[in-house]
Amino acid sequence: MKKILLAVVTLSCVFSYAQNSDSQSKILDILGQERFDNIQNSNPARIVYLEARLEEGYKIINNEGGKFDQVEKLDMIPFRIDVGDSKDTLGTCKDGTGKSYDSAQEFLQKENSGTLNILKYKLKYDREKVVYYQLGSTGKVLMIFPVNHINKVVAQK
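First residue of the sequence shown: 1, per the numbering used here; consecutive thereafter.
Have a look at this one:
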């Protein structure tokens, strides 16, 4: 029994580390090493927030019964870009293709393959309400959880 419990605890720790490592690599992809290190040293809670945004900040669901037909439809999901001193300064997309967006299909392919980095996209984040987007004609809906939800997730860690 002790061996089984030890195995479960070990696997949980390994999975948690792998998820955290993947999240940090996605944050590094957006910020770059120098900016990541600066934020890690000056405001480590920001990194924890970004990890929570990556891990638990969104969900993709089916648009069953057309329930979400009236929400904004995104055929192309734009990448976030650096724009100097404005509010949109998380980082520049570094996908290497020179594109400024992903199609809804590409977005879903990345989600299905586990390579989606939600931080790369210019999406709306509401403080209190879930934001919904139809993903093109795929029959899927992207739910962006509110800032308050992410703050609660961070507080529980």
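By construction, the Cβ of each residue, glycine as well, lies at the ideal position given by its N, Cα and C atoms.
| Asked | Found |
| --- | --- |
| Residues of its chain near Leu116, where Cβ-Cβ distance is below 8 angstroms and the 5 sequence neighbours each way are ignored | Phe107, Lys110 |
| Backbone CA spacing between Leu142 and Val130 [nearest angstrom] | 10 angstroms |
| Cα-Cα separation between Tyr132 and Val154, rounded to whole angstroms | 22 angstroms |
| Beta-carbon proximity list for Pro146, same chain, < 8 angstroms, skipping 5 on both sides | Tyr125, Asp126, Arg127, Glu128, Lys129, Val130, Val131 |
| Within 9 angstroms, strictly: CB atoms of Ile150 and Arg80 | no |
| Reduced DSSP category for Ala155 - H, G, I as helix; E, B as strand; rest coil | helix |
| Inter-residue Cα distance where the pair is Lys120 and Ser100 | 10 angstroms |
| Reduced DSSP secondary structure (H/G/I, E/B, other) of Tyr125 | coil |
| Neighbour flag for Pro146 against chain B, beta carbons, 9 angstroms | Here there is only one protein chain, and chain B is not present. |
| Cβ pair Asp102, Ile77 closer than 9 angstroms | yes |
| Cβ pair Lys67, Gly136 closer than 9 angstroms | no |
| According to DSSP, residues forming a beta bridge with Ile61 | Val141 |
| Every unbroken alpha helix (DSSP H) within the stretch 25 to 53, with a cutoff of 4 residues, ordered by chain | 33 to 42 |
| Start and end residues, alpha helix (DSSP H) containing Leu108 | 104 to 113 |
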